[in-house]
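Worksheet for the structure shown next.
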Amino acid sequence: MFDFCVVLRHVKNDILTTLYVSIVIHWKIVLRVHVWATVILGKLWLNFIICALLEMSPFVFFSSALWYQSTLLSRPLVVPHKNQEQPYLLTARIHASQALYAGSGSKAASLHWTAERVLSILLLAMGPVAYFNPSPVMDYSLAAALTLHGHWGIGQVLTDYVHGDAKVKMANAGLFLLSTVTFAGLCYFNYNDVGICKAIALLWSK
C-alpha cells in the first residue's frame, strides 16, 4: 500500500541532507578562501611594516638634516666690530658654499632614495611572479634583490646610530660581511634545495 507520509519523510530527509552537505562544502570553501586571503594580506602587511621600519630612517635623517641646515643658515652671523661694514659678504659666501655642498649631497641622496623605492616596488612584484612562474632566474634575482634591500636598510640604521670613524668602519665591514654571507646562503639554497620560488609556494600553500 502506498504510504504518502513515508515518501514525504524520505524526501524531507534527502532535502535536509543535501542542504547540510551544501552548507558544509560552502563554509569549507569560504573558510579556506578566508584563511588564504588572511595569510596573504598578513604577509604583505608584515612586509610593508618591515620595509617601513627599514626605510623610515632616510626620511628622518634627511628631513632633520635639512631642517638643521636651514635653521643654521637663518640665524644671524655674529662678526667682530671691524667687519660689521660688510656682513653681507660673509653671509653670501656661507650661503654659496652650503648651497654647492648641499646640491651635490642631495643629488646622491635623491638617487639612492629613488633606487630604494624602485627596489621595494620590484620586490612587491617579484612575490606573485615567483609564486605563479618559478624559475632559476627568478630565484637568483630574488636572492640579489633581498640581499641588496637588507643591505641598504641596515646601512641606513648604521648611518643614523653609529658615529666615529673607527666604529663606522667596523660597522660597514660587518654589514658587508653579513650581506655577502646572506647572498651566498641564498644562492646555496637555490642551487642545492628547492629554491626561493618553491619555498614561497610551499609557504603560501600551508
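First residue of the sequence shown: 1, per our numbering; consecutive thereafter.
We treat Cβ as the ideally placed atom computed from N, Cα and C, and that holds for glycine.
Spatial neighbours of residue i in its chain, beta-carbon cut-off 8 Å, leaving aside the 5 residues before and after
i, result
"THR147", "SER179, THR182, PHE183 and LEU186"
"SER141", "MET126"
"SER205", "none"
"VAL168", "LEU158 and VAL162"
Local Cβ density within 10 Å of residue i, reported as buried at 16 or more and exposed below that
i, result
"ALA130", "buried"
"ALA237", "Here the chain covers residues 1 to 206 and nothing more, so residue 237 does not appear."
"ASP139", "buried"
"SER120", "buried"
"GLY174", "exposed"
"GLY155", "buried"
"ASN190", "buried"
"ALA99", "Residue confidence is low: ALA99 scores 42 on pLDDT, short of 50, so the model does not pin down where it sits. No coordinate-derived value is stated."
"TYR101", "Summary for TYR101: the model assigns pLDDT 45, below 50, so the residue's position carries little reliability, and this model does not support an answer."
Where the alpha helix (DSSP H) containing residue i begins and where it ends
i, result
"ASP160", "136 to 161"
"ASN133", "Taken as a continuous stretch (DSSP letters only), ASN133 belongs to no alpha helix (DSSP H), as it is neither H nor E."
"GLY185", "165 to 192"
Close-in-space but distant-in-sequence residues of the same chain around residue i (CB under 7 Å, 5 per side omitted)
i, result
"TRP152", "GLU116"
"ALA171", "LEU158 and VAL162"
Close beta carbons around residue i, own chain, < 6 Å, minus the five adjacent residues each side
i, result
"VAL194", "none"
Which listed residue (the options) has its alpha carbon closest to that of residue i
i, options, result
"PRO136", "SER110, LEU123, VAL168 and LYS198", "LYS198"
"ILE200", "GLN156, LYS169 and PHE132", "PHE132"
"LEU202", "HIS149, LEU123, SER106 and PRO134", "PRO134"
"ILE196", "LEU123, LYS107 and VAL168", "LEU123"
"HIS149", "PHE176, LYS167 and PRO128", "PHE176"
"VAL118", "ALA145, LYS169 and ALA166", "ALA145"
CB contact below 8 Å: residue i versus chain B
i, result
"PHE183", "Absence of chain B from the displayed structure is noted, only one protein chain being present."
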